[in-house]
Amino acid sequence: MAGTSPSQQSWKQQQASEVLNRLTRLYPDATCSLTYESPVQLLVATILSAQCTDERVNKVTPALFARYPDVAALAGANLGELEQLIRSTGFYRNKAKNIRGACQMMMERFDGQVPQTMDALTQLPGVARKTANVVLAHGFGINAGVTVDTHVKRLSRRLGLTVEDNPVKVERELMPLLPKADWENWSIRLIYHGRAVCKARKPDCGGCVLADLCPAAAEMG
DNA sequence: ATCCCGAGGG
DNA sequence: CCCTCTGGAT
7 MAGTSPSQQS WKQQQASEVL NRLTRLYPDA TCSLTYESPV QLLVATILSA QCTDERVNKV
67 TPALFARYPD VAALAGANLG ELEQLIRSTG FYRNKAKNIR GACQMMMERF DGQVPQTMDA
127 LTQLPGVARK TANVVLAHGF GINAGVTVDT HVKRLSRRLG LTVEDNPVKV ERELMPLLPK
187 ADWENWSIRL IYHGRAVCKA RKPDCGGCVL ADLCPAAAEM G
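Using the numbering used here, the letters of the first sequence map in sequence onto residues 7 to 227.
Next comes the structure, spelled out in structure tokens:
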């Protein structure tokens with residue numbers, strides 16, 4: 007909603023800044039934890055990461071990329087074989103169809119390359135803003151938006167920065183709170199912290215460096 | 001709002 | 001059993 011007062015917005019900016027400062031000290035070397043060697047491999051790994059841990063994605067991608075290493079190979083993949091290679095990541099029928107379909111579209115419309123704009127990337131099947139933001143930021147160094155996955159949404163809500171549930175609305179609220187150069191730093195470190203401390207089910211507020219400034223910490227413990 | 005979907009934890 | 005994991009399309 008557009009009912010945010012200037013003082014509330016100012017508080018959110020300071021909150022976001024302090025959160026990022028502390029998490030940067032805690033996770034100084036945080037990076038994308040998916041294994042890949044090219045933009046298309048990053049795109050495929052990111053599609054596979056939907057509702058699945060990156061650790062599990064990294065278990066299937068070595069064999070997957072050995073068999074289908076690039077856009078052309080993936081565009082011509084046998085669908086059943088592709089499904090079996092990625093089966094353990096879940097949603098494997100949709101993911102296989104989307105991976106092959108995205109690579110076929112890249113062959114036909116994008117010169118066999120992974121496109122480098124939000125508009126083009128989100129035309130690919132199985133690619134919306136979250137996946138596109140990851141590819142743009144880590145594959146090409148382009149800060150197009152804030153990557154909002156399940157962790158970023160959960161922590162941003164707990165920290166009092168948004169009450170939205172829709173990831174696109176969460177992203178729209180987060181973007182003005184941070185300098186563009188910090189957008190991906192924000193997402194990466196919230197993901198790290200969400201995995202290790204601020205877990206969905208049983209958050210470890212007692213061991214959290216953000217507890218004193220987190221509105222949700224008092225209620226949880 | 002619902003579906004896709006497997007694996008691991010509690 | 002239930003919930004969660006770097007979502008997206010219908």
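A virtual CB, placed ideally from N, CA and C, is assigned to each residue, including glycine.
Considering only the beta carbon of each residue, do Ala150 and Leu142 sit closer than 8 Å?
yes
Taking the alpha helix (DSSP H) that Leu161 falls in, what are its first and last residues?
Residues 156 to 164.
In angstroms with no decimal places, state the Cα-to-Cα distance between Trp192 and Gly82.
37 Å
Closest to Phe97 by C-alpha separation, out of Asn84, Thr128, Thr59, would be which residue?
Thr59
Express the C-alpha separation of Val169 and Gln21 in angstroms, rounding to a whole number.
15 Å
Between Leu85 and Met124, what straight-line distance do the alpha-carbon atoms span, to the nearest angstrom?
27 Å
Would you mind reading off the limits of the alpha helix (DSSP H) that contains Lys18?
Start and end: 12 to 32.
Buried or exposed: where does Pro209 fall if 16 or more other Cβ atoms within 10 Å of its Cβ makes it buried?
buried
Runs of 4 residues minimum, wholly inside the segment 32 to 77: which ones carry the alpha helix (DSSP H) assignment?
45 to 54, 60 to 73
Using 8 Å as the threshold, is the segment 70 to 81 in touch with the segment 168 to 185, meaning 3 or more CB pairs across them?
no
Output yes or no for whether 8 Å exceeds the beta carbon distance between Asp155 and Lys175.
no
Answer with buried or exposed for Lys18, where buried requires no fewer than 16 other C-beta atoms within 10 angstroms of its C-beta.
buried
Tell me where the alpha helix (DSSP H) around Val176 begins and ends.
173 to 180
Which same chain residues, not among the five before or five after Arg115, have their C-beta less than 7 Å away from its C-beta?
none
Return the chain-ordered list of same chain residues with a C-beta closer than 7 Å to the C-beta of Thr128, the five sequence neighbours on each side being excluded.
Result list for Thr128: Ala134, Arg135, Ala138, in chain order.
Determine the DSSP secondary structure at Ile105, reduced to helix, strand or coil.
helix
Closest to Thr37 by CA distance: which of Arg178, Trp189, Arg164, Leu183 is it?
Among Arg178, Trp189, Arg164, Leu183, the Cα nearest to that of Thr37 is on Trp189.
Mapping the DSSP letters down to three states, classify Leu85 as helix, strand or coil.
helix
Classify Gln15 as buried or exposed, calling it buried when 16 or more other Cβ atoms lie within 10 Å of its own Cβ.
exposed
Ends of the alpha helix (DSSP H) at Ile197?
Start and end: 189 to 202.
Using a threshold of 8 Å, state whether the C-beta atoms of Met113 and Ala79 are closer than that.
no
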